[in-house]
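Using our numbering, the first residue of the sequence shown is number 210, and each one after it goes up by one. Yeah, the Cβ is synthetic: ideal placement off N, Cα and C, and Gly gets one too. One structure is given below, encoded as structure tokens.
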Amino acid sequence: YVANRFPTIREDHEGWVTTRRKLEEFLLLFKNQGGKVLAGTDTPWPYLVPGLSLHEELELMVKAGFTPLEAIQTATRNAAEALNRLDSMGTLETGKRADLVILEGNPLDDIRNTKKIHLVIKGGKAVWPQAQGQKPATS
Numbered sequence: 210y211v212a213n214r215f216p217t218i219r220e221d222h223e224g225w226v227t228t229r230r231k232l233e234e235f236l237l238l239f240k241n242q243g244g245k246v247l248a249g250t251d252t253p254w255p256y257l258v259p260g261l262s263l264h265e266e267l268e269l270m271v272k273a274g275f276t277p278l279e280a281i282q283t284a285t286r287n288a289a290e291a292l293n294r295l296d297s298m299g300t301l302e303t304g305k306r307a308d309l310v311i312l313e314g315n316p317l318d319d320i321r322n323t324k325k326i327h328l329v330i331k332g333g334k335a336v337w338p339q340a341q342g343q344k345p346a347t348s
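Pasting the structure below:
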């Protein structure tokens, strides 16, 4: 989405690949030892697009060895727990606040399905695709 995002990676590709592999190994080890991993788009940071980079982060977690459910929980349940708000958000349960993203495919089958957004509901109202001037699909 942004051409030539990381020119230094091209200059030291082998070093980057080694570092990334070690980071993936550490992340998986940390999780497997009971550590709570949180997803989050680090902005403002050059070349990171909020939203899109979160989807990429989830994909990288799955590539590192997380299950798709574990990756999704880093952005939902684990985040709410870290904020001490698990009693009111972070999981779909009666009485909890929930903004929802309705997807076209099951992310547990393929984490890339998180990008196949059908509808976004925030505060009880559909906010996308109307934000794009489209009407949500109805069934």
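Check your understanding: Would you call the CB atoms of K305 and E313 closer than 9 Å?
Key -> At the C-beta level, K305 and E313 stay beyond 9 Å of one another.
Check your understanding: Among I281, W337, V336 and N315, which residue has its Cα nearest to the Cα of G249?
Key -> A check of alpha carbon separations from G249 across I281, W337, V336 and N315 identifies I281 as the nearest.
Review point. For K334, which three-state DSSP category applies?
Key: Strand, per DSSP.
Check your understanding: Which whole-angstrom value describes the C-beta separation of A273 and E233, a residue pair presumed to lie in contact below a C-beta threshold of 8 Å?
Key -> Indeed they touch by this definition, with Cβ atoms about 4 Å apart.
Practice item. Classify T323 as buried or exposed, calling it buried when 16 or more other Cβ atoms lie within 10 Å of its own Cβ. Key: Buried, since its Cβ has 16 or more Cβ neighbours within 10 Å.
Practice item. State the start and end residues of the unbroken alpha helix (DSSP H) segment that holds L278. Key: Where L278 is concerned, the enclosing alpha helix (DSSP H) stretches over P277 to A284.
Check your understanding: When DSSP labels each residue in this structure, what does G236 get in the three-state scheme?
Key -> The sequence shown places Leu at residue 236, rather than the Gly named in the question. In the three-state reduction of the DSSP assignment, L236 falls in the helix class, which pools H, G and I.
Exercise for review: Whole angstroms is fine: what's the gap from R294's alpha carbon to W225's?
Suggested key: The alpha-carbon atoms of R294 and W225 are separated by roughly 37 Å.
Practice item. For S348, count neighbouring Cβ atoms within 10 angstroms of its own Cβ and tell me buried if that reaches 16, exposed if not. Key: Legend: pLDDT at S348 = 41, less than 50; position of this residue unreliable, no value from coordinates given.
**Study point:** Test item: CB-CB of T300 and T276 under 9 Å
**Key:** Not closer than 9 Å, so no.
Review point. Leaving out five residues before and five after S297 in sequence, what residues of the same chain have Cβ atoms less than 7 Å from its Cβ?
Key: If you ignore the 5 residues before and after S297, its C-beta comes within less than 7 Å of the C-beta of K305 and R306, all in its own chain and listed in chain order.
**Study point:** Residue range of the unbroken beta strand (DSSP E) whose run includes L269
**Key:** L269: not part of any beta strand (DSSP E); member of the alpha helix (DSSP H) spanning L261 to A273, first to last residue.
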